[in-house]
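*Asks:*
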Amino acid sequence: MILADLHTHTKYSHGGNSPAQMYAAAQAKGLELIGFTEHSPRPLGFNYTNEYRDKLTRHLPDYASEVLALKAANAGGPCRVLFGMEMDWLEGQLDFTRASCTAYDFDYLLGSVHFIGQWGFDDGSEPWKNMSQEECEVQYTRYFEIWERMLASGLFNIAAHPDLVKIFSVEQFHVWLAKPESQALVRQGLAALRQAGMSMEISSAGLRKACREIYPAPPIMVMAAEMDLPISFASDAHVTDDVGYGFARLASYARAFGFTEYTVFDRGQRTVCPI
Ligand SMILES: [Zn+2]
Ligand SMILES: [Zn+2]
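In terms of this note's numbering, the sequence shown opens at residue 5 and continues consecutively.
1. Should Asp240 be counted as a contact of ligand 1 given a C-beta to heavy atom distance under 8 Å?
2. Out of Cys140, Ala258, Trp180, which has the shortest C-alpha to C-alpha gap to Glu205?
3. On the criterion of 16 or more Cβ atoms from any shown chain inside 10 Å, does Leu159 qualify as buried, or is it exposed?
4. Quick check: the region 252 to 268 against the region 43 to 59, are at least 3 beta-carbon pairs closer than 8 Å?
5. Compare the Cα-Cα distances from Lys75 to each of Asp111, Cys140, Ile218, Ala164 and report the closest residue.
6. Would you list, in sequence order, the uninterrupted alpha helix (DSSP H) runs of no fewer than 4 residues that lie entirely inside the region 46 to 83?
7. Given 8 Å as the limit, tell me if Leu48 has its C-beta closer than that to any heavy atom belonging to ligand 2.
8. Does the region 121 to 132 touch the region 66 to 83, meaning 3 or more C-beta pairs lie closer than 8 Å?
9. So which of Ser157, Pro278, Leu10 has the shortest CA-CA distance to Tyr27?
10. With distances taken Cα to Cα, identify the nearest neighbour of Gly201 among Leu189, Pro222, Ile162.
11. Near Thr53, what residues of its chain come up, given a Cβ to Cβ distance below 7 Å and the 5 sequence neighbours on each side ignored?
12. Does the beta carbon of Leu155 fall short of 8 Å from some heavy atom of ligand 1?
13. I'd like the span of the beta strand (DSSP E) that includes Val276, first residue to last.
14. Any chance the CB of Thr14 is under 8 Å from a heavy atom of ligand 2?
15. I need the DSSP call for Tyr219, collapsed to helix, strand or coil.
16. Taking Cβ positions, are Phe87 and Leu64 nearer each other than 9 Å?
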């Protein structure tokens, strides 16, 4: 059974609920651990259409103090709390990112690629709609090149939603992923992940998005299993209903590829739990 959800958001970015409400949902679902991983502030120039960067920067201290209070109050269980952050990997912004990573005493950090250059590619389906297969493939390749640099930075503990780039073009993505050179590129990223001592997130968020598919896709699961990579599980919940979303399905998905355990990070230390 999966008893830890290591990727959740709150009202302090674009989520709908307070940390206390998200915590109550985790407890109600029988989880033993909830990790809060609010989005990291971003520098100017990296904008979504429905931008919440200002709000996040303004409320970061509230996020930190509420989550740390919940963590202290529930240190003895039965549902413990971890204080984390979902860090954006932004090309050319290493100093900004490093400073964000150490702004608080985080228990762990997710590394995420949401931007190709300065394009927030998961912000909406519109830019993807008129792209040819070839144009999509250029973006997949760019994404996984950036992904590898994110992993190799050594700044993060968990690689969030590894193939997020498929979000609005899943059929084209699978055509690309079937090619040997694409698999070689993804495998290079997975090797960097292992080298950095990270785990790979298996996320039910994709089931709720246009791609209707778990992150990452089966061919990437096969590679990760061959490399015996550590994994962790996540809902990427932005509202209480989605805490622990699809965890029974995630468990059988992971087992189907031979995984028997998952990893939890606490202050950089890894703990392994049976699935
Ligand atoms: Zn994300
Ligand atoms: Zn997230």
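Every residue, glycine too, gets a C-beta built ideally from N, C-alpha and C.
*Replies:* Working from what's here:
1. For the purposes of this step, residue 240 is taken as residue 236 along the sequence shown, with counting starting at 1. For ligand 1, at least one heavy atom lies less than 8 Å from the Cβ of Asp240.
2. Sequence index remark: in the sequence shown, residue 205 carries index 201 (1-based). The candidate whose alpha carbon is nearest that of Glu205 is Ala258.
3. Locating residue 159 in the sequence shown gives position 155, where the first residue counts as 1. So Leu159 ends up on the buried side.
4. no
5. Numbered from its first residue, the sequence shown carries residue 75 at position 71. Between Lys75 and the set Asp111, Cys140, Ile218, Ala164, the nearest pair of CA atoms involves Asp111.
6. 57 to 77
7. Taking the first residue of the sequence shown as position 1, residue 48 is located at position 44. No - ligand 2 has no heavy atom lying nearer than 8 Å to the Cβ of Leu48.
8. Fewer than three beta-carbon pairs drawn from the region 66 to 83 and the region 121 to 132 are found closer than 8 Å, and the two stretches are therefore not classed as touching.
9. Here residue 27 refers to the residue found at position 23 of the sequence shown. Proximity to Tyr27 across Ser157, Pro278, Leu10 peaks at Leu10, based on C-alpha coordinates.
10. As a working mapping, residue 201 is identified with position 197 in the sequence shown. If we check each option's Cα against that of Gly201, Ile162 comes out closest.
11. Residue 53 sits at position 49 when you count from the first residue of the sequence shown. So the list reads Asp127, Gly128, once near-sequence residues are dropped.
12. Along the sequence shown, one-based indexing puts residue 155 at 151. False, no ligand heavy atom lies under 8 Å from that Cβ.
13. To locate residue 276, count along the sequence shown from 1; it is residue 272. Taken as a continuous stretch (DSSP letters only), the beta strand (DSSP E) holding Val276 covers 273 to 278.
14. Taking the sequence shown and counting its residues from 1, the one referred to as residue 14 is at position 10. It does not: the Cβ of Thr14 is nowhere closer than 8 Å to a heavy atom of ligand 2.
15. Against the sequence shown, residue 219 aligns to sequence position 215. It is a strand residue.
16. Residue mapping note: residue 87 aligns to position 83 of the sequence shown, counting from 1. Residue mapping note: residue 64 aligns to position 60 of the sequence shown, counting from 1. No, the Cβ-Cβ distance between Phe87 and Leu64 is not below 9 Å.
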